[in-house]
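*Asks:* Once you've had a glance at the structure underneath, I'll fire off some questions.
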Amino acid sequence: MYILRFSDGFLDSVKKLDNAVQLQVKKKLEKLEAGMAKIEPLHKELAGKYKIRVGNFRIIFKFLDEKEIQLLTVGPRDKIYK
Numbered sequence: 150m151y152i153l154r155f156s157d158g159f160l161d162s163v164k165k166l167d168n169a170v171q172l173q174v175k176k177k178l179e180k181l182e183a184g185m186a187k188i189e190p191l192h193k194e195l196a197g198k199y200k201i202r203v204g205n206f207r208i209i210f211k212f213l214d215e216k217e218i219q220l221l222t223v224g225p226r227d228k229i230y231k
């Protein structure tokens, strides 16, 4: 089980999503918190950060320690890495 920490940038990016996507993000965060989400490491300039998929959206985060995650941002896959 993980403790989730929400950055201001993450909260701002969630507010910009429509309600249906916000609900999908919430469900995926519940899985992440429970340790049941598929976590994928990022590479190159995003090394040290991770992603989880939510349909065509991605949640970007980093581990603060073994049990604590800081959520950084969420957005469409085609724009989140730019």
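Heads up, the sequence shown is in the numbering used here, so the first residue is 150 and it goes up one at a time. C-beta: ideal position from N, C-alpha, C; glycine also. Since we're looking at a predicted model, the values are computed, not measured.
1. Can you tell me whether DSSP reads Asp214 as helix, strand or coil?
2. State the Cα-Cα distance for the pair Ser156 and Val163, rounded to the nearest angstrom.
3. Buried or exposed for Lys177, going by 16 or more other Cβ atoms inside 10 Å?
4. Name the residue from Asp167, Thr222, Lys175 whose alpha carbon lies nearest to the alpha carbon of Lys198.
5. Please confirm whether Glu194 and Tyr151 have their CB atoms less than 8 Å apart.
6. Would you mind sorting Ile218 into buried or exposed? The rule is 16 or more other CB atoms within 10 Å of its CB.
*Replies:* Reading from the atomic positions:
1. strand
2. 11 Å
3. buried
4. Thr222
5. no
6. buried
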